[in-house]
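Undergrad:
There are 2 protein chains.
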Amino acid sequence: MSTVKSPAVSPLKDYIKTNDKRFLDELLELLRIPSVSADSKYKPDVLKMAEALKSKLVAAGADKVELVPTAGYPVVYGEKIIDPKLPTVLVYGHYDVQPADPLNLWTSPAFEPVVKDGKIYARGSCDDKGQMYMHVKAFESMLKTNDLSCNVKFMIEGEEEVGSANLGQFLKENKERLKGDVILISDTSILANDVPSIDVGLRGLCYMEVEVTGPNRDLHSGVYGGAVANPINILCEMIASMKDKNNHITIPGFYDDVLQLSKEDRADLAKTPFNIENYKKDLDINDIHGEAGFSTIERTGTRPTLDVNGIWGGYTGEGAKTVLPSKASAKISMRLVPNQSSEKTAELFTNYFNSIAPNSVKIKVTTHHGGEPVLTPTDSVAFKAASKAMEETFGKKPIPTRGGGSIPIVALFEKILGLKSVLMGFGLDTDAIHSPNEHFGLFNYYKGIETIPLFYKYYTEMSKK
Amino acid sequence: MSTVKSPAVSPLKDYIKTNDKRFLDELLELLRIPSVSADSKYKPDVLKMAEALKSKLVAAGADKVELVPTAGYPVVYGEKIIDPKLPTVLVYGHYDVQPADPLNLWTSPAFEPVVKDGKIYARGSCDDKGQMYMHVKAFESMLKTNDLSCNVKFMIEGEEEVGSANLGQFLKENKERLKGDVILISDTSILANDVPSIDVGLRGLCYMEVEVTGPNRDLHSGVYGGAVANPINILCEMIASMKDKNNHITIPGFYDDVLQLSKEDRADLAKTPFNIENYKKDLDINDIHGEAGFSTIERTGTRPTLDVNGIWGGYTGEGAKTVLPSKASAKISMRLVPNQSSEKTAELFTNYFNSIAPNSVKIKVTTHHGGEPVLTPTDSVAFKAASKAMEETFGKKPIPTRGGGSIPIVALFEKILGLKSVLMGFGLDTDAIHSPNEHFGLFNYYKGIETIPLFYKYYTEMSKK
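Sequences listed follow chains A and B, in order. Yeah, the first sequence ends on 495 if you go by my numbering, and it's all consecutive. Yeah, the second sequence ends on 495 if you go by my numbering, and it's all consecutive.
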């Protein structure tokens, strides 16, 4: 009896279905490697992760796979050129992850992945190992079923969570090898599993660290209190004075380059499905909090922010210590929107911070990494292909949205390689990326693997026209 | 040949001189015990310290020496009743010390005392092991030279640095045993080694801890930043709003009970020798900082304060983490002056802190220990005796001053035992108590041992009149 498959069943879908268990196990394997780029004590693990990913690309069938060295962690490169005359898709992703702390808030260890209620729990499960690995498995599936419709080049970096400091140099040095037509990135979210969306805008980032020094040593708060500047009180006052009552940021010139929304933009954004009550319930907050005059969607997607990411000073141990500390510090980051510049913002911040410091303290301001905000076109072939691919797998046309996060390198790709990016992400805002108990839905993981080949197919078809 | 000493040489002075090396070694021995009462992991050391002190009192010749149990650490008690008709001096001190951190700022380990440039460097060298042990050695010297002029009772507690929570109960339960005429305490400073002084006022203390909770988990500052309250920003704003531009504390009712200074008080205080340039140089600050309209001496001695003693929240590790944290916390203490009450102040603080919190965060306020401010009389026999004793050993009449620190139990002694205290301290404000590299001058240690017997002598004489 013949075993010819009914033409209704696609070999690709079939292959993905047959191998879904392995696809998951391979991801869990990678999630066990604590590739935290922000903390140098994980260096061996980050390098181990790069090696592991290299092997996976080879196994998937990529050619010329190698770890391209940079001043920091290497970029994992691999490619498959099936026909130089066909379009070439450059897949970008990152294999490094955020620090896992506060560790005590994880219900299962951050680097011992568990699958629970249809979700993979582990640091990096969504951001970005899970979303990045969807591309590796989609690639394998296309190859094994002779379904790869164009050329592909992978560049997976290991420093995205610390600002991709060395990627620009990598792009400059590898322009030839990186020749292509479009950048495909899955490092963003969809609105909901039944509400597909594609990010068309990303915020930039300007990350600063400040240190306020009062007296040259910790003092007895009784003997000196009231007469000597307390650096913690001063730091709090300085931070407080960076926003006004309407939560507008008070740094002079901060908003000068902000691209204001048109009536049309606001009307479009207002159409985004969003339930404020569910939002508050999910976060267990009684009220939202932000810049006056803007909706939550506008606040996260289209307006700049100033958030203290960390603060420390004085005695933080058990009990009570009556100390007037010598120093207080904070990590403060600003999300930027078109057309702000991280470099200019860092300068405005530094000048302002120094200008508001009383003479009774000394100030040190350090600039960490930054990234530029971007808007991606919605009329491009790539966007249309991504939209059509998602419409087919989700059964709904994806909504163009603006993400609040930052992928600084999107601007770099345009500047150095002259290539636009398409942000076809499959995560959810509720995946707790950068938080304890980060997770990624199995639905989302497999939906990505299923959708990506369709992007290749439609992108190639539409490019011909 | 007879060895009769010339009457010019006092046997007491002679005894102190002959034994000075041993007096120092015994103190160093006690300084090696890390009796940190604030941190429960040092519990065995605090108890070891109590035992060690008990043995020293026995060796010095005290009777009925015992560790009197309390709900917390025991009080070391000992006495010598030479004649019930003579006055009785109750000596108070404490054998517990402040935590030693930040440890990295100590030039030699906090609990490995070293003598350098005529100073003893160790946690507790001045506050209060050094000043407390002067009394034990002065007592020994008086006994051994038949120079003890009145009865003495020692009560050395182990919880002063955490607010003497159990001392009140101890006093109530031991009223009979603690019958006496005056409390003698050395836990304060003199203005300078050539400018003796006696504290006649002490500030009280109200120590609070606050926790601000925003979202129920750490969030990605890009995805949520701008739309959700950041507890660190909010905490900073709340702390900043507790003082106005003139550094007046804005808590409603905070100043209601503050005893205002009379013209005369201010004139007297203005006479205190004080060099602002040396003060700034010692602390390496460009400017002092405090409540408008008051001098530095007034700010530390006669005005209440609000100082953040510690703050923490979010990511404080290496590098950059773009987190919008769930929680932020701070330890905030207020120094109180007559006639403020720590209990009422804690209530005012709590009500105000809750009232200024936006609806987008949740607040938790905890009250740590408190203590009441005191003023001690300058017309008492005890004060006059102390003044005469110091005038004799320093060659200068001591200046009555107001200390900024707190010894909460001074108010307790008055309330429960009905006894006034005399604050005859021998430390210096520059001894870095509560700070890294705490030290105590050998000059000050021996000057104390030499002065204390004279206090007994003059107190007994003047009491007869």
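Note that CB positions come from ideal geometry on N, CA and C, so glycine has one too. Keep in mind the model is a prediction, meaning the values are calculated, not measured.
Beta-carbon of L249 of chain A versus every beta-carbon of chain B: anything under 8 Å?
TA: L249 of chain A counts as touching chain B.
Undergrad: Could you tell me which uninterrupted beta strand (DSSP E) segments, each at least 3 residues in length, are contained entirely in the stretch 231-284 of chain A, listed from first to last along the chain?
TA: For the stretch 231-284 of chain A, whole beta strand (DSSP E) runs of length 3 or above, ordered along the chain, are 234-243.
Undergrad: Alpha carbon to alpha carbon, what distance is there between K374 of chain B and H399 of chain B?
TA: C-alpha separation (whole angstroms): 13 Å.
Undergrad: A140 of chain B by DSSP, collapsed to three states: which one?
TA: A140 of chain B falls in the coil class under three-state DSSP.
Undergrad: Using a C-beta cutoff of 8 Å, does Q199 of chain A count as contacting chain B?
TA: No, Q199 of chain A lies away from the interface with chain B (no Cβ there is under 8 Å from its Cβ).
Undergrad: Verify whether the separation of the beta carbon atoms of F473 of chain B and N223 of chain B is less than 8 Å.
TA: Yes, these two residues count as a Cβ contact at 8 Å.
Undergrad: Any beta carbon from chain A within less than 8 Å of C156 of chain B's own beta carbon?
TA: Closer than 8 Å: no.
Undergrad: Which first and last residues belong to the alpha helix (DSSP H) in which T380 of chain B is found?
TA: Run containing T380 of chain B: S372 to S385, per the alpha helix (DSSP H) assignment.
Undergrad: Kindly list the residues whose CB is nearer than 6 Å to the CB of S219 of chain A, restricted to its own chain and excluding five residues on each side of it in sequence; keep chain order.
TA: The answer, listed in chain order, is G455, G457, L458 and D459.
Undergrad: Using DSSP with H/G/I as helix, E/B as strand and the rest coil, what is T408 of chain A?
TA: DSSP places T408 of chain A in coil when its eight states are reduced to three.
Undergrad: Around the Cβ of L299 of chain A, are there at least 16 other Cβ atoms within 10 angstroms (buried) or fewer (exposed)?
TA: By the neighbour-count rule (16 or more Cβ atoms within 10 Å), L299 of chain A is buried.
Undergrad: Measuring only the C-alpha atoms, how far is G344 of chain A from R365 of chain A?
TA: Going from the Cα of G344 of chain A to the Cα of R365 of chain A covers about 29 Å.
Undergrad: Which residue spans inside the stretch 166-209 of chain B form an unbroken beta strand (DSSP E) run of at least 3?
TA: Segments of the beta strand (DSSP E) lying fully in the stretch 166-209 of chain B: 181-187.
Undergrad: Starting from L472 of chain A, find everything on chain B with Cβ-Cβ shorter than 7 Å and list it in chain order.
TA: The premise fails here: L472 of chain A is roughly 21 Å from chain B at the closest Cβ pair, so nothing lies under 7 Å.
Undergrad: Span of the alpha helix (DSSP H) holding P41 of chain B?
TA: P41 of chain B -> alpha helix (DSSP H) spans P41 to L61.
Undergrad: Who pairs with L453 of chain A in a beta bridge, going by DSSP?
TA: Looking at the DSSP assignment, L453 of chain A forms a beta bridge with A:I215 and A:D229.
Undergrad: Going along the chain, which residues of its own chain have a beta-carbon closer than 6 Å to the beta-carbon of I213 of chain B, five neighbours each way excluded?
TA: If we look at I213 of chain B and ignore the five residues flanking it on each side, its Cβ neighbours are L120, Y122, F443, L449 and S451.
Undergrad: Count the other CB atoms within 10 Å of the CB of E109 of chain B; is the residue buried (16 or more) or exposed (fewer)?
TA: Classification for E109 of chain B: buried.
Undergrad: Since H319 of chain A sits in a beta bridge, which residues does DSSP pair it with?
TA: Paired residue(s): none; H319 of chain A is not in a bridge.
Undergrad: Quick one: measure Cβ to Cβ for L354 of chain B and D314 of chain A, integer angstroms, because I've assumed they're closer than 8 Å.
TA: 14 Å between Cβ atoms; not a contact.
Undergrad: Whose CA, out of B:V166, B:I393 and B:K71, lies closest to the CA of A89 of chain B?
TA: Considering only alpha carbons, the answer is B:V166.
Undergrad: For A270 of chain B, go through chain A and note every residue whose CB falls closer than 9 Å to its CB, in chain order.
TA: Those are N263, C266, E267, M268, I269, A270 and S271, listed as they occur along chain A.
Undergrad: How many angstroms separate the CA atom of L57 of chain B from the CA atom of D44 of chain B?
TA: Using only the alpha carbons, I get a separation of about 20 Å.
Undergrad: My understanding is that G252 of chain B touches G193 of chain A, with C-beta atoms under 8 Å, so please give their C-beta distance in whole angstroms.
TA: The Cβ separation is near 13 Å, so there is no contact.
Undergrad: Using the three-state DSSP reduction, which class does S67 of chain B fall into: helix, strand or coil?
TA: In this structure, S67 of chain B counts as coil in the three-state DSSP scheme.
Undergrad: How big is the Cα-Cα spacing for K205 of chain A and L447 of chain A?
TA: The straight-line gap from Cα to Cα measures roughly 7 Å.
Undergrad: What are the boundary residues of the alpha helix (DSSP H) that I479 of chain B is part of?
TA: Here the alpha helix (DSSP H) through I479 of chain B covers L472 to K494.
Undergrad: Against chain B, with Cβ distances strictly below 8 Å, would A50 of chain A count as a contact?
TA: For the sequence presented, residue 50 of chain A should be read as Asp rather than Ala. D50 of chain A does not count as touching chain B.
Undergrad: In this structure, does DSSP put N339 of chain B in helix, strand or coil?
TA: Note: N339 of chain B maps to strand in three-state DSSP.
Undergrad: Please classify S356 of chain A as buried or exposed, where buried requires at least 16 neighbouring CB atoms within 10 angstroms.
TA: Flag for S356 of chain A reads buried.
Undergrad: Give a yes or no on whether the minimum CB-CB distance between S70 of chain B and chain A is below 8 Å.
TA: At least one chain A Cβ lies under 8 Å of S70 of chain B.
Undergrad: For chain B, find out if any of its Cβ atoms is closer than 8 Å to the Cβ of Q370 of chain A; answer yes or no.
TA: Closer than 8 Å: no.
Undergrad: Under 8 Å between beta-carbons, which chain A residues line up against L192 of chain B? List them in chain order, please.
TA: Note that residue 192 of chain B is Val in the sequence shown here, rather than Leu. Within chain A, the residues near V192 of chain B are G349 and A350.
Undergrad: Would you say T431 of chain B and V145 of chain B are within 8 Å of each other, going by their C-beta atoms?
TA: Not a contact, by the Cβ cut-off of 8 Å.
Undergrad: What first and last residue would you give for the alpha helix (DSSP H) that runs through E307 of chain B?
TA: That run of the alpha helix (DSSP H) goes I306 to L313.
Undergrad: Please decide whether W342 of chain B counts as near chain A, where near means a Cβ-Cβ distance under 8 Å.
TA: Chain A contact via Cβ: present.
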